[in-house]
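**Student:** Sharing a structure below in structure tokens format, with a few things to ask.
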């Protein structure tokens with residue numbers, strides 16, 4: 188049962204899906220929940236695919252830009268804007284911190300979003316929308332002509348999986364700088380064996396879902412993760428929940444762009 192409660196914990200934390208009441212929660216369950224992050228990403232991706240299928244079923248000639256906007260809206264709703272909040276806090280802190288660790292961490296704790304954070308959210312959502320629109324524009328017409336829907340669905344599924352899997356790798360290799368925080372309880376869950384098994388499974392899923400773009404996606408994924416980790420270490424000597432959320436959002440945006448350019 189501990190695996191079930193850990194899974195529900197990760198689903199409750201990372202999504203706004205209606206769920207049964209979590210009857211058990213402690214540090215061991217919180218630690219174990221991190222291994223389910225890629226699975227939560229897969230669930231988000233599958234729900235988005237179901238939405239696209241229903242939408243195209245009712246409106247087969249829907250405009251690709253409109254489809255992209257609706258998919259992005261649902262995507263943001265499913266995650267509750269959690270990672271966008273982390274992105275805004277991180278960008279505000281990086282700009283306002285002026286290179287100082289303590290000042291950066293202090294600004295990051297401020298619940299208010301400054302202009303830089305708002306700009307970051309707008310730009311990331313714009314990039315996501317443009318990439319989704321390019322994907323749908325290139326793939327919706329072949330779908331309507333009777334060819335496979337799989338390329339669209341595979342692209343939508345793999346991105347949230349990869350973006351959330353990066354949390355495991357970053358937590359396993361980067362100090363958590365706050366004495367208390369949402370990410371603190373996750374550290375015990377990122378044991379070497381769990382990290383390697385999870386990342387290998389994710390890599391194999393990438394090859395299975397998007398074989399033509401797998402190498403490109405994995406290279407982009409690793410590069411963005413390494414750059415994000417390096418930036419965290421340089422500025423604050425570790426990571427926080429906000430920087431992990433920001434990394435997820437940046438990963439999703441860049442991976443979608445990579446898929447769109449690889450069509």
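Residue numbers (the working numbering): 188 to 450. By construction, the Cβ of each residue, glycine as well, lies at the ideal position given by its N, Cα and C atoms. Being a predicted model, the structure only gives us computed values, none of them experimental.
When the Cα atoms are used, what is the spatial distance from residue 383 to residue 246?
**Tutor:** Position 196 of the chain shown, counted from the start, is the residue given in the question as residue 383. Position 59 of the chain shown, counted from the start, is the residue given in the question as residue 246. One C-alpha to the other measures close to 43 Å.
**Student:** For the candidate residues 340, 376, 421, whose alpha-carbon lies nearest to that of residue 395?
**Tutor:** In the chain shown, counting from the first residue as 1, residue 395 sits at position 208. Among 340, 376, 421, the Cα nearest to that of residue 395 belongs to 340.
**Student:** In terms of residue numbering, what span does the alpha helix (DSSP H) encompassing residue 225 cover?
**Tutor:** Against the chain shown, residue 225 aligns to sequence position 38. That run of the alpha helix (DSSP H) goes 224-245.
**Student:** Based on Cα-Cα distance, which residue from 293, 303, 224, 202 lies nearest to residue 263?
**Tutor:** Here residue 263 is taken as the residue at index 76 of the chain shown, counted from 1. If we check each option's Cα against that of residue 263, 202 comes out closest.
**Student:** Tell me the rounded alpha-carbon separation between residue 238 and residue 352.
**Tutor:** As a working note, residue 238 is residue 51 in the chain shown. As a working note, residue 352 is residue 165 in the chain shown. About 23 Å.
**Student:** For the candidate residues 364, 271, 393, 449, whose alpha-carbon lies nearest to that of residue 405?
**Tutor:** Taking the chain shown and counting its residues from 1, one reaches residue 405 at position 218. Minimum Cα distance to residue 405 is reached at 393.
**Student:** Do you know offhand how far residue 344's Cα is from residue 302's?
**Tutor:** Looking up residue 344 in the chain shown gives position 157. Looking up residue 302 in the chain shown gives position 115. Computed Cα separation, rounded: 32 Å.
**Student:** Is residue 189 near residue 219, with beta carbons less than 8 Å apart?
**Tutor:** For this step, residue 189 is matched to residue 2 along the chain shown. For this step, residue 219 is matched to residue 32 along the chain shown. Their beta carbons are under 8 Å apart, which means residue 189 touches residue 219 by this criterion.
**Student:** Quick one: which unbroken alpha helix (DSSP H) runs of 4-plus residues sit fully inside the stretch 262-324? Chain order, please.
**Tutor:** Within the stretch 262-324, the complete alpha helix (DSSP H) runs of at least 4 residues are 269-283, 288-296.
**Student:** Going by the DSSP bridge assignment, what does residue 363 pair with across the sheet?
**Tutor:** Along the chain shown, one-based indexing puts residue 363 at 176. Partner(s): 426.
**Student:** With respect to the alpha helix (DSSP H) encompassing residue 393, which residues constitute its N-terminal and C-terminal limits?
**Tutor:** Here the question's residue 393 lines up with position 206 in the chain shown. Unbroken alpha helix (DSSP H) run through residue 393: 379-396.
**Student:** Compare the beta carbon distance of residue 193 and residue 223 with 8 Å and say whether it is the shorter of the two.
**Tutor:** Residue numbering aside, residue 193 sits at position 6 when the chain shown is read from its first letter. Residue numbering aside, residue 223 sits at position 36 when the chain shown is read from its first letter. Yes, they are a contact pair.
**Student:** Is it right to say residue 440 is buried, meaning 16 or more other beta carbons lie within 10 angstroms of its own, or is it exposed?
**Tutor:** Taking the chain shown and counting its residues from 1, the one referred to as residue 440 is at position 253. Answer is buried; the Cβ neighbour count reaches 16.
**Student:** If we ignore side chains and look at the alpha-carbon of each, how far apart do residue 206 and residue 267 end up?
**Tutor:** The sequence position of residue 206 within the chain shown is 19, counting from 1. The sequence position of residue 267 within the chain shown is 80, counting from 1. Cα to Cα, the separation comes out at about 14 Å.
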